[in-house]
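Numbering (my numbering), first residue to last: 606 to 909.
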């Protein structure tokens, strides 16, 4: 079973919600996203989203996943609030192939924790994502402890994006994975997943692996963070060192795909990561763990 543990659903409603949120911080931030060097969002993409219903979008995703022999994908929304309702509806169109992460605008509040529990109990959501650099939160903040306790109770993993990001508003004071050291010790029954190999904080991710059985790593994305560190590391070396420290049973494959008007599923990321494992002559059993079995176990897909 091949499972992509980290893909994104982007809809026009989510973009409008994000734009309104950014404009409250500083007017024109979404325009900066559209005209900046990365050009993550453009008018053609918005037109594509406006004319594509959520149901049709689900059909496009199913077609892309089947084309690349992906049995299941776990989706992340852009923002919380109404975005979660859209994501919930999206997953309902094909729950055999889709599941999702919760994202909260208010993860430190009682209502946020209750919303998290409700979403997990629906059976369509499998975990929760924290994004410290854009939420302005340190993951070691005591205000998040109730969330971690609930995650342990629900046996739902906590995915965290540390490191660099293309988000238009970020605070890198909160982006060091070492902040996870204390929560990982205080909440040993909570599963924490670090996205993108730490996105530039690979050294710190490896340090966290010292006596930390409840920390996992996902491989998602182009991993171009390797271009912004003192020494460029081949992807196969990143995989090797992660397997050395964490073992194959705590690594989750992901591509960070988001389908738009020009690009489909990130087959090139899938190909590159499979190639890295092949170059390392990774045994079949370990490859199967990384490419899907770990996610099936952690997300409880066998209960679906």
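Built from N, CA and C at the ideal position, the CB exists for glycine as well.
- Shortest Cα-Cα distance from residue 770 to any of 740, 751, 906, 798 involves 740.
- Contact annotation: the region 789–802 touches the region 815–824, with at least three C-beta pairs closer than 8 Å.
- The DSSP assignment places 730–735, 763–765, 797–799 as complete runs of the beta strand (DSSP E) inside the region 719–801, in order along the chain (cut-off: 3 residues).
- With a beta-carbon spacing of about 10 Å, residue 901 and residue 857 fall beyond the 8 Å limit used to define contacts.
- In the three-state DSSP reduction, residue 849 falls in the helix class (H, G or I).
- Excluding residues up to 5 positions away in sequence, 729 lie with their Cβ nearer than 7 Å to the Cβ of residue 697 in the same chain.
- Per DSSP, the continuous beta strand (DSSP E) segment holding residue 608 begins and ends at 608–613.
- At a Cβ-Cβ threshold of 8 Å, residue 871 and residue 882 do not count as neighbours.
- Counting only runs of 3+ residues, the beta strand (DSSP E) found wholly inside the region 649–725 occupies 677–681, 703–708, in chain order.
- Secondary structure within the region 805–845: the beta strand (DSSP E) runs of 3 or more consecutive residues, fully enclosed, are 820–823 (chain order).
- Note that the C-beta distance between residue 622 and residue 688 is below 8 Å.
- Exclusion of the five residues before and after residue 684 leaves 619, 622, 623, 626, 708, 710 as the residues of its chain whose Cβ lies within less than 8 Å of its Cβ.
- The straight-line gap separating the alpha-carbon atoms of residue 904 and residue 829 is approximately 27 Å.
- According to DSSP, residue 620 shares a beta bridge with no other residue.
- Spanning the alpha carbons of residue 720 and residue 752 requires a straight line of approximately 11 Å.
- Rounded to whole angstroms, residue 654 and residue 712 show a C-alpha spacing of 28 Å.
- About 6 Å separates the beta carbon of residue 803 from that of residue 767, a gap short enough to meet the 8 Å contact definition.
- Annotation for residue 890: the continuous alpha helix (DSSP H) segment containing it runs 889–893.
- By the C-beta density criterion, residue 789 is buried, having at least 16 other C-beta atoms within 10 angstroms.
- Cβ-Cβ distances below 6 Å link residue 801 to 825, 826 in the same chain, with the five nearest sequence neighbours on each side left out; the list follows chain order.
- Excluding its 5 nearest sequence neighbours in each direction, residue 783 has C-beta neighbours in its own chain below 6 Å: 809, listed in chain order.
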